[in-house]
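Using this note's numbering, the first residue of the sequence shown is number 3, and each one after it goes up by one.
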Amino acid sequence: METSDARQPELFDFAQTVSGPLELFPSVWGALECLVSPEAKVRRRGLNELIGLSAARHAPLVAYLLSTRLDEPDLPLRCAIINELASVLLPDAQGLPPQDVVRRPLQARLAQMHTRTIFALLESMDADAGIENKIAVLLNACPYASSHLVSIINERKFPL
């Protein structure tokens, strides 16, 4: 009887060294865990690590998870998240556009923003007046942003 080599294929070849995103995985994972901490200080540390690794620009999951924090209660941290997400959608320092594998899921997520998230974006301008252009980049990804903006303006309890 002939035996066949029916082993499961190896998922990782540890004999080869890898330079790139795989090496960053433990760091990115740890930073993402910090990002969901109840403590603002820990969330800030996590975001700073992700920014330092340029993780959102290279990993669609990181960009997606950052987009879920657009209503972050800590205003300076929210502004930093807005800056990072806008930089993911814009060309980098060399003028290269973001990779489709990152841009598409992020745009799909931003297209689902509701009034609460749009209002949180507008609130961020009080904390950082220079963030307007970055907010515009995110709003441009939401086809319903204008109707949400009209609903915010029509609500008389919010300061104009």
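The C-beta atom is built at its ideal place from N, Cα and C for all residues, glycine as well.
Continuous alpha helix (DSSP H) stretch holding V103: start and end = Here residue 103 is taken as the residue at index 101 of the sequence shown, counted from 1. Its alpha helix (DSSP H) spans residues D102 to L112.
Same chain, Cβ closer than 7 Å to L140, five either side skipped, listed in chain order = Taking the sequence shown and counting its residues from 1, one reaches residue 140 at position 138. I84, L87, A88, L112 and L123, listed in sequence order.
inquiry  = Here's a check: name, in chain order, each residue in its chain whose Cβ is nearer than 8 Å to the Cβ of L91, leaving out the five neighbours to either side.
reply    = By one-based count along the sequence shown, residue 91 stands at place 89. These residues qualify, in order along the chain: P100, R105, L108, Q109, V139, L140 and A143.
key: Among R80, P75, R47 and D94, the one whose alpha carbon lies nearest that of R59   = The residue labelled residue 59 in the question sits at position 57 within the sequence shown. Nearest C-alpha to R59: D94.
request  = Identify the continuous alpha helix (DSSP H) that holds D128 and give its terminal residues.
outcome  = As a working note, residue 128 is residue 126 in the sequence shown. Where D128 is concerned, the enclosing alpha helix (DSSP H) stretches over T117 to A129.
ask   = Which same chain residues, not among the five before or five after A1, have their C-beta less than 6 Å away from its C-beta?
value = Residue 1 falls outside the range modelled here, since the chain spans only 3 to 162, and no answer is possible.
key: S149 versus H116 - alpha carbon distance   = Within the sequence shown, the letter at position 147 stands for residue 149. Within the sequence shown, the letter at position 114 stands for residue 116. Distance between the alpha carbons of S149 and H116 is about 10 Å.
ask   = What are the start and end residues of each continuous alpha helix (DSSP H) run of 4 or more residues lying completely inside the region 55-91, in chain order?
value = 57-60, 62-69 and 77-91
ask   = Hey, out of L72, N156, L98 and D102, whose CA is closest to M127's CA?
value = Counted from its first residue, the sequence shown places residue 127 at position 125. Among L72, N156, L98 and D102, the Cα nearest to that of M127 is on L72.
Presumed contact (8 Å Cβ cut-off) between A82 and L49, rounded CB distance = If you number the sequence shown from 1, residue 82 lands on position 80. If you number the sequence shown from 1, residue 49 lands on position 47. Contact holds; Cβ gap of about 6 Å.
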